[in-house]
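For the sequence shown, the working numbering gives the first residue as 5, with consecutive numbering after it.
Where a beta carbon is used, it is the ideal one built from N, C-alpha and C, also for glycine.
Encoded as C-alpha cells, the structure appears first; notes follow it.
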Amino acid sequence: MLLAVDVGNTHTVIGLFDGPKLVHDFRIESSPGRTIDELHVLLLNLLQVVDVPRDAIQAAILASVVPSLSDTVIEAVDRAFDLDMRVVGPGMKTGMPILYENP
C-alpha cells in the first residue's frame, strides 16, 4: 500500500492506496505544535482503526504547502514504517505533463 500525505494550511489529508484505488482516507488538523512522536503514534492508531497492518505500507509520498511541518511528517513516517518518504516538489519527474505557464 501507498501512504499519501497532503499537508495543507488547515488540514492534513492522509490516504491509503492499494494500487490505483484509494481504500482509506483520514483528515486531521495541520498542527504546527504536533511533535514527531505524536504524529508517529497517530499514524499507527489510524491504521489500527481500519485494520491495516503496519507492514502493509510499502511506500510513502508527501505533498505539502507548509514547509515547517514537512520534516515532522517525514520523520514520523520513517519511525512508523521505516520508509524514505518521497516528497513532491519542483523538478520531480512524475510522468504527468503540467500544462500551465509559470506565473
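Using C-beta distances below 6 angstroms, list every residue in its chain close to residue i, excluding the 5 sequence neighbours before and after it, in chain order.
i, result
"isoleucine 65", "Ala8 and Arg90"
"arginine 31", "His15 and Val17"
"serine 74", "Ser68"
"proline 107", "none"
Per DSSP, residue i is paired with what?
i, result
"valine 17", "Asp10 and Arg31"
Assuming residue i and residue j form a contact by the criterion Cβ under 8 angstroms, report the distance between their Cβ atoms to the nearest whole angstrom.
i, j, result
"alanine 80", "histidine 44", "4 angstroms"
Once the 5 residues before and after residue i are set aside, which same chain residues still bring their CB inside 8 angstroms of it?
i, result
"glutamate 33", "Thr14, His15 and Thr16"
"arginine 58", "Leu48, Leu51, Ala84 and Phe85"
Less than 8 angstroms between the beta carbons of residue i and residue j, yes or no?
i, j, result
"methionine 5", "leucine 20", "yes"
"valine 11", "valine 92", "no"
"isoleucine 40", "threonine 76", "yes"
"proline 36", "serine 72", "yes"
Closest by CA to residue i, which one among the options?
i, options, result
"histidine 28", "Asp41, Val77 and Val53", "Val53"
"isoleucine 61", "Pro36, Gly37 and Asp88", "Asp88"
"glycine 23", "Arg38, Ala63, Leu46 and Asn106", "Ala63"
Leaving out the 5 sequence neighbours to the left and right, which residues in its chain are closer than 7 angstroms to residue i when beta-carbon positions are compared?
i, result
"glutamate 42", "none"
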